[in-house]
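Here the structure is laid out as structure tokens; the discussion comes afterwards.
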Amino acid sequence: MNFLENSDILADIGEFLREDIGRGDITTQATVAENVRGMGKFLAKENLVICGLEVAEAVFAHLDPENPEIETTYNEGDEVEAGTVFATLKG
């Protein structure tokens with residue numbers, strides 16, 4: 001079973017984000033238009049094993065529920081070398 005199908009866990013993710021973000025970043029709110037989309041990369045700083053992609057997707061779905069985009073060609077358990085971009089996100 002996919003543990004992210006558990007509605008309690010999804011609710012917890014939302015609560016964790018509310019606690020962490022609070023009212024948001026005042027500087028960003030003052031200087032960046034609401035409709036601006038950003039792009040980020042997940043970069044392996046050292047050799048690693050991919051773990052938690054589903055959690056990352058759930059977190060970003062909470063942050064951008066209308067259009068979360070996470071792209072990766074890797075799967076859970078894949079080994080990745082340092083310096084590798086293993087996922088990108090837009091939102």
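Under this note's numbering, the first residue of the sequence shown carries the number 1, and numbering increases by one thereafter.
Yeah, the Cβ is synthetic: ideal placement off N, Cα and C, and Gly gets one too.
Each residue's CA atom was taken as its position, placing Glu79 and Leu48 some 6 Å apart. Assigned with DSSP and collapsed to three states, Ala82 falls in coil, not helix or strand.
Lys41 is a Cβ neighbour of Thr88, given a cutoff of 8 Å. If the five residues before and after Gly14 are omitted, its C-beta is found closer than 6 Å to the C-beta atoms of His62, all from its own chain and listed in chain order.
The criterion of a C-beta distance shorter than 8 Å is not satisfied by Asn75 and Gly91.
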